[in-house]
Amino acid sequence: MTQASANLNIMIKAARKAGRSLVRDFGEVEQLQVSRKGPGDFVSRADMRAEEMIRTELTEARPNYGWLGEESDEVKGADPTRRWIVDPLDGTTNFLHGLPHWAVSIALEHKGEIVAGVVYDPAKDEMFVAEKGAGAWMNDRRIRVSARRDTYEMIFATGVPFGGSPNLPATLKDLANLTPRTAGIRRWGAAALDLAYVAAGRYDGYWERGLNPWDIAAGLLLVREAGGFTGPIQEGASIFESRGCVAANTHAFETLTSIVRAS
Numbered sequence: 195m196t197q198a199s200a201n202l203n204i205m206i207k208a209a210r211k212a213g214r215s216l217v218r219d220f221g222e223v224e225q226l227q228v229s230r231k232g233p234g235d236f237v238s239r240a241d242m243r244a245e246e247m248i249r250t251e252l253t254e255a256r257p258n259y260g261w262l263g264e265e266s267d268e269v270k271g272a273d274p275t276r277r278w279i280v281d282p283l284d285g286t287t288n289f290l291h292g293l294p295h296w297a298v299s300i301a302l303e304h305k306g307e308i309v310a311g312v313v314y315d316p317a318k319d320e321m322f323v324a325e326k327g328a329g330a331w332m333n334d335r336r337i338r339v340s341a342r343r344d345t346y347e348m349i350f351a352t353g354v355p356f357g358g359s360p361n362l363p364a365t366l367k368d369l370a371n372l373t374p375r376t377a378g379i380r381r382w383g384a385a386a387l388d389l390a391y392v393a394a395g396r397y398d399g400y401w402e403r404g405l406n407p408w409d410i411a412a413g414l415l416l417v418r419e420a421g422g423f424t425g426p427i428q429e430g431a432s433i434f435e436s437r438g439c440v441a442a443n444t445h446a447f448e449t450l451t452s453i454v455r456a457s
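If you want it as structure tokens, here you go:
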């Protein structure tokens with residue numbers, strides 16, 4: 195990105211700082227895989243430590259903004275029109291198992307609209323950023339959604355809910371309906387990166403149920419600024435309220451949306 199705003203630069207700095215901490219912790223997690231106790235408690239501390247780093251960085255720079263994070267209570271800011279939406283470690287289960295596919299996600303909301311987003315993958319050192327009206331970028335390279343038109347050539351991504359989730363039957367129905375019509379469906383376990391990959395043209399589309407705002411806020415803006423479409427699974431609802439979203443390139447969006455809404 196040629197000229198990032200002051201807010202976006204603050205977000206990038208916070209994401210990199212938390213990312214460095216998480217990379218160090220991830221090295222420990224890989225060693226703990228063989229221990230009897232396992233890495234669970236250690237990862238919980240790493241997650242909270244990363245959120246505290248991000249929160250400190252952001253609130254020192256913008257003390258009047260509100261805060262919504264995965265690991266802490268929501269805070270109303272003195273400026274009621276702006277808030278940070280943060281997932282310090284998206285893909286926690288991957289991190290826990292020593293799988294290098296996880297990310298830091300930071301979004302800025304203004305008057306109910308996401309206006310800046312950062313998704314940082316420290317393991318690959320890929321920084322995805324977007325600002326409203328300024329496009330989407332990955333490591334200073336402009337990115338766009340794919341141009342594929344035929345669903346049989348497309349790869350989609352989703353999240354399969356844990357056993358016992360009320361969203362599991364609908365997702366399994368989605369998979370049964372979509373899989374024969376695509377080149378493949380991936381389940382990599384990090385919603386923020388799924389959306390970033392749609393924005394970068396690596397995936398052609400993504401859908402998932404049971405999401406929280408911090409899972410997808412930054413990623414949704416990435417897709418939109420990369421030329422893609424986003425929308426709720428539940429027709430007539432907002433994405434955050436319904437906790438389900440669809441994101442895809444312009445050719446796949448209508449087909450993907452109609453199939454998952456039918457489930």
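One rule links them: number in my numbering = place in the sequence shown (from 1) + 194. Positions of the beta carbon are idealized from the N, C-alpha and C atoms, including for glycine. Since this is a predicted model, take the numbers as computed values, not measurements.
Requested in this report: Go to Phe322, then tell me how far its beta strand (DSSP E) extends in each direction, as first and last residue.
Outcome: For the purposes of this step, residue 322 is taken as residue 128 along the sequence shown, with counting starting at 1. Per DSSP, Phe322 belongs to the beta strand (DSSP E) from 320-325.
Requested in this report: In angstroms with no decimal places, state the Cα-to-Cα distance between Val309 and Asn443.
Outcome: Taking the first residue of the sequence shown as position 1, residue 309 is located at position 115. Taking the first residue of the sequence shown as position 1, residue 443 is located at position 249. Taking the straight line from one Cα to the other gives about 20 Å.
Report task. Enumerate, from N- to C-terminal direction, the unbroken beta strand (DSSP E) stretches of 3 or more residues contained entirely within the segment 419-456. Result -> Runs found: 423-426, 438-442.
Query - Residues near Lys367 in its chain [Cβ-Cβ closer than 8 Å; skip 5 each side] - result: Start at 1 with the first residue of the sequence shown, and residue 367 comes out as number 173. So the qualifying residues of the chain are Ser457.
**Report entry** Cutoff 7 Å; reference Arg455; Cβ partners in own chain excluding five residues on either side
**Finding:** Here the question's residue 455 lines up with position 261 in the sequence shown. Around Arg455: Ile427, Glu429.
Query raised in the report: Quick one, are the C-beta atoms of Val298 and Ala212 less than 7 Å apart?
Result: Reading the sequence shown from its first residue, position 104 is the one you call residue 298. Reading the sequence shown from its first residue, position 18 is the one you call residue 212. In this structure, Val298 sits near Ala212, with a CB-CB distance shorter than 7 Å.
Query raised in the report: Should Leu290 be counted as a contact of the ligand MG given a C-beta to heavy atom distance under 6 Å?
Result: Because no ligand of any kind appears in the structure shown, any question about the ligand MG cannot be addressed here.
Requested in this report: Quick one: grab the DSSP three-state call for Arg210.
Outcome: Translated into positions along the sequence shown, residue 210 becomes position 16. In the structure shown, Arg210 sits in a helix (DSSP, three-state: H, G or I).
**Report entry** Where Val217 falls, given that 16 or more other Cβ within 10 Å makes a residue buried
**Finding:** As a position in the sequence shown, residue 217 is number 23, starting the count at 1. Per the 10 Å Cβ criterion, exposed.
**Report entry** Cβ contact check for the segment 240-247 and the segment 323-334: 3 or more pairs under 8 Å
**Finding:** The count of Cβ pairs closer than 8 Å, one atom from the segment 240-247 and one from the segment 323-334, stays below three, leaving the stretches out of contact.
Query raised in the report: Between Leu262, Gly311, Tyr391, Pro363, which lies nearest to Val339 when the distance is taken from Cα to Cα?
Result: Mapped onto the sequence shown, residue 339 falls at position 145. Nearest Cα to Val339 within the set Leu262, Gly311, Tyr391, Pro363: Tyr391.
Query raised in the report: Taking C-beta to C-beta, are Gly260 and Lys270 nearer than 7 Å?
Result: Your numbering for residue 260 matches position 66 in the sequence shown. Your numbering for residue 270 matches position 76 in the sequence shown. Less than 7 Å separates the beta-carbon of Gly260 from that of Lys270.
Query raised in the report: Around the C-beta of Asn201, are 16 or more other C-beta atoms found within 10 angstroms, so that it is buried, or is it exposed?
Result: The residue given as residue 201 occupies position 7 in the sequence shown. It is buried - the Cβ of Asn201 has at least 16 other Cβ atoms within 10 Å.
**Report entry** Separation of Phe322 from Glu222, as counted between CA atoms
**Finding:** The sequence position of residue 222 within the sequence shown is 28, counting from 1. The sequence position of residue 322 within the sequence shown is 128, counting from 1. The straight-line gap from Cα to Cα measures roughly 26 Å.
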